[in-house]
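Have a look at the structure below before the remarks.
Residue numbers (my numbering), protein chains in the order written: chain A, 646 to 1064; chain B, 5 to 133.
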């Protein structure tokens, strides 16, 4: 340390993983030839001393536990017989002895393996065999807890930063949505801080494009997938325009497969089999025509005056997966929306959430019930009611997946021609 | 070969493959952090077992209350292996269990039934207690 320049000396603490040596406190210790009277004297002097190590020629050979020692010495004639004898009589001859360099993880496993004794009496710390001090179970637990918290903190900070990036990526779409459709609302809730669900909105003078998608995985791997899927979708929109959702799905399918090497037949075992489920559509307010293409996700439509929600099922084919053919083509389904119709799309996070008295999935039926019950409300109110219904359903169960759902109401009055 | 038993966790199902009795069972929920890692070895052992069987009656029971999208892929792979074994001359019965009110799980079973016709699919709607 001394050769470090003085100006850095105080401000650059070296990071080092804690080890057994850090657990060790200096305690009084006995030389092997010292007497039990001396042991008694030390224990009386240091009231909080749980155990007293015994050293022979600088090397630890045992540990005297206070309670055992006291109870033995209080028996009849023990004082008279053992008082002047050396202190190994009531000593534990096989305490846990660890090297000061031993890592905390190994030390913890060793201590647990050794049993209660090592936790209550403590363990002896030695350096190259020479006695250094004693470490205690409680202190070890404190360090383990701190270490655990520090590791969690580090991972969480990293993920929180990732979340900033993911949210920034999604923000442009939110802005596009606000611009495109006033009567619309979106809920995006990753199960963890980042997630595998994403959405994309693109506004054009004659209409707008929407996609709600669920990439495989959640958390960090899911978020990686959203970046891949979202950027390939962006490219596809640049290339083909936003008016043909089926073509966009086909294009994203090819891009993901190429990018992740998920080409069937090219390699026996591709490293990954990832992709996404998606619901996407192009909507023209002037004609109220909605062109939908779905990959394992459906579209829910409730027209004014209709009793039931119409479910427009997407194709049962995910985007990008190994078993989705490279040249698979999705097809568009055209839905003519009646004025004031509600349109709702969701990822499976809502449908599959486990809850209720029997711990079963929320299901499409309950989604339809909420849509029907909230049909007079705004999309934002409907979504809030959907969130509440899900929360009630979920109760004390864990959230199982990321959640994204989107609702809008088709214009009641046909908008005038766009300038 | 040895039977395969993996105890359940909150996010992974109980796997009870009694290869010596030709009964395979999967119960619980499935959303492990890495579904490919969890199912990789299971599928390998299943494949080895099925490869060595002919003219056998194999009973499979699946009772899953939840599975995420990665697990769904793995389930398809698993049932795909069973289907291959059925096409190779074994009689494979797939008992699919779902709560009578759980449409989501029921519908997934129906998809498996439609996709893998070589397997004898038996739907069990479990009544609430």
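Backbone N, C-alpha and C define an ideal beta-carbon position, used for all residues, glycine too. For clarity, every value in this text was computed on a predicted model and none was experimentally measured.
>> Classify residue 109 of chain B: buried if its beta carbon has 16 or more other beta carbons within 10 angstroms, exposed otherwise.
In response: buried
>> Let me see if you follow: with CB-CB separation under 7 Å, is residue 106 of chain B close to chain A or not?
In response: yes
> Hey, out of B/96, B/74 and B/121, whose CA is closest to residue 33 of chain B's CA?
Replying inline: Nearest option by C-alpha distance: B/74.
>> For residue 1028 of chain A and residue 1018 of chain A, what's the separation of their Cα atoms in angstroms?
In response: 12 Å
> By a C-beta neighbour count over all protein chains shown, 10 Å radius and 16 as the cutoff for buried, is residue 770 of chain A buried or exposed?
Replying inline: Within a 10 Å sphere around the beta-carbon of residue 770 of chain A sit 16 or more other beta-carbons, which makes this residue buried.
>> Is there a C-beta anywhere in chain A that falls below 7 Å from the one on residue 128 of chain B?
In response: no
> Cα-Cα, which of A/806, A/722 and A/867 is closest to residue 920 of chain A?
Replying inline: A/867
>> Whole angstroms are fine: how far does the CA of residue 752 of chain A sit from the CA of residue 795 of chain A?
In response: 18 Å
> In the structure shown, what three-state DSSP assignment does residue 932 of chain A receive?
Replying inline: Coil, per DSSP.
>> Measuring straight from C-alpha to C-alpha, what distance separates residue 744 of chain A and residue 665 of chain A?
In response: 7 Å
> Mind pulling the chain D residues with CB within less than 7 Å of residue 103 of chain B?
Replying inline: Any reference to chain D falls outside this structure, whose protein chains are A and B.
> If we count the other Cβ atoms within 10 Å of its Cβ and call it buried at 16 or more, is residue 656 of chain A buried or exposed?
Replying inline: exposed
> Which residues does DSSP pair with residue 927 of chain A in a beta bridge?
Replying inline: In DSSP, residue 927 of chain A forms a bridge with A/854 and A/936.
>> Quick check: what's the CA-CA separation for residue 20 of chain B versus residue 67 of chain B?
In response: Rounded to whole angstroms, residue 20 of chain B to residue 67 of chain B spans 12 Å at the Cα level.
> Quick one: does residue 996 of chain A have its CB under 7 Å from some CB of chain B?
Replying inline: Yes, its Cβ sits closer than 7 Å to a Cβ of chain B.
> Mind pulling the chain A residues with CB within less than 9 Å of residue 40 of chain B?
Replying inline: 917 and 918
> Quick one: what's got a C-beta closer than 7 Å to residue 45 of chain B's C-beta in the same chain, skipping five residues either side?
Replying inline: none
> Are the beta-carbon atoms of residue 1044 of chain A and residue 1024 of chain A separated by less than 7 Å?
Replying inline: Contact annotation: residue 1044 of chain A and residue 1024 of chain A have beta-carbon atoms that are not nearer than 7 Å.
>> In this structure, how does DSSP classify residue 707 of chain A when only helix, strand and coil are distinguished?
In response: Note: residue 707 of chain A maps to strand in three-state DSSP.
>> So residue 999 of chain A contacts chain B; which residues on that side make the cut at Cβ distance below 9 Å?
In response: 33, 69 and 70
>> Less than 7 Å between the beta carbons of residue 125 of chain B and residue 87 of chain B, yes or no?
In response: no
>> To be precise: take each residue of the segment 783–800 of chain A, compare its Cβ to all Cβ atoms of chain B, and keep it if any distance is under 8 Å. Which residues remain?
In response: none
> CB residue 842 of chain A to CB residue 820 of chain A, shorter than 7 Å?
Replying inline: no
> Helix, strand or coil for residue 865 of chain A per DSSP?
Replying inline: helix
> How is the beta strand (DSSP E) around residue 1049 of chain A delimited, first residue to last?
Replying inline: Boundaries of the beta strand (DSSP E) harbouring residue 1049 of chain A: 1048–1054, taken from the DSSP string.
> Can the beta-carbon of residue 935 of chain A be found less than 7 Å from the beta-carbon of residue 926 of chain A?
Replying inline: yes
> In the structure shown, what three-state DSSP assignment does residue 968 of chain A receive?
Replying inline: coil
> Is the distance from the Cβ of residue 1076 of chain A to the Cβ of residue 707 of chain A below 7 Å?
Replying inline: Lying before the first or after the last residue shown, residue 1076 of chain A is absent from chain A, which here runs from 646 to 1064.
> Are the C-beta of residue 1051 of chain A and some C-beta of chain B separated by less than 7 Å?
Replying inline: No, no contact with chain B.
>> Buried or exposed, going by whether 16 or more other CB atoms sit within 10 Å of the CB of residue 720 of chain A?
In response: exposed
> Given 8 Å as the limit, is there contact between the segment 868–886 of chain A and the segment 828–847 of chain A, that is, 3 or more CB pairs closer than that?
Replying inline: yes
> Whose Cβ in chain A lies nearer than 9 Å to the Cβ of residue 115 of chain B?
Replying inline: 961
>> Please report the distance separating the alpha-carbon of residue 99 of chain B from that of residue 985 of chain A.
In response: 45 Å
>> Assess contact between the segment 1003–1016 of chain A and the segment 980–994 of chain A, defined as three or more Cβ pairs (one per stretch) separated by less than 8 Å. Is contact present?
In response: Contact between the segment 1003–1016 of chain A and the segment 980–994 of chain A is present, because at least three Cβ pairs lie under 8 Å.
> What does residue 759 of chain A touch in chain B if you count any residue whose Cβ is under 7 Å from its own?
Replying inline: Correct list: empty, because the minimum Cβ distance to chain B is about 27 Å.
>> Out of B/84, B/96 and B/48, which one is the CA nearest neighbour of residue 59 of chain B?
In response: B/96
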